[in-house]
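K.L.:
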Amino acid sequence: MAKVKKGKGKGNGGGREHFQRVNYLAQLSRHVAQATGDVSLTQLYNRNLVQVSHKTKTRLSPSLKRSMCKQCKIAQIPTITTKVSVEKHTGCLAIECQCHQRPHKSKRVNNKRSVKRFPINACRSLDH
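In case it helps, the working numbering puts the sequence shown at residues 416 to 543.
(1) State yes or no: is the C-beta of ILE489 within less than 8 angstroms of the C-beta of VAL454?
(2) Determine the DSSP secondary structure at THR497, reduced to helix, strand or coil.
(3) Helix, strand or coil: how does DSSP classify SER529 here?
(4) If you count every other CB in all the chains shown that lies within 10 Å of the CB of VAL437, and 16 or more means buried, which is it?
(5) Give the straight-line distance between the Cα atoms of HIS433 and PHE533, rounded to the nearest whole angstrom.
(6) Closest to ILE495 by C-alpha separation, out of MET483, THR505 and LEU464, would be which residue?
(7) Do VAL499 and ILE535 have their C-beta atoms closer together than 8 angstroms?
(8) Would you tell me roughly how many angstroms separate the C-alpha atoms of ARG431 and GLN486, rounded to the nearest one?
(9) Looking at LEU464 and LEU441, is the spacing between their C-beta atoms short of 8 angstroms?
(10) Between LEU443, LYS470 and SER478, which lies nearest to ASN461 when the distance is taken from Cα to Cα?
(11) So what does DSSP say about ASP542, is it helix, strand or coil?
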């Protein structure tokens, strides 16, 4: 008889442990940021999360990517680690990471502003 190849099939659940580990690290970083406000620990968990996803070649969900700062990898929680405002001139919701306001000992993180803008008034009329 011929050998049956073991591959990634639908029933195999390939990489389920990796997804569980990434999910656990994301939940843990968010909980630590909300409960204690410890930014360095949140950064550590999110960096580990990104490293695990790179090494195992699993994709992060877009909502998970949106929930952390791209520069410093801090979990973005309004009024705790981010400042949320509405810009009048652009009509956008601006989410600004407060990482640039804290003094950094590490040279890897620069003090540039990290702002994400989301359009609020996307359905503008074309008459203007």
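From the three backbone atoms N, C-alpha and C, an ideal C-beta is built for every residue, glycine too.
P.N.:
Quick answer:
(1) yes
(2) strand
(3) coil
(4) buried
(5) 31 angstroms
(6) MET483
(7) no
(8) 28 angstroms
(9) Residue 441 is actually Ala in this sequence, not Leu. Cβ atoms of ALA441 and LEU464: closer than 8 angstroms.
(10) LEU443
(11) Per-residue confidence for ASP542 stands at a pLDDT of 48, beneath the threshold of 50, marking its modelled position as unreliable; no derived number is given.
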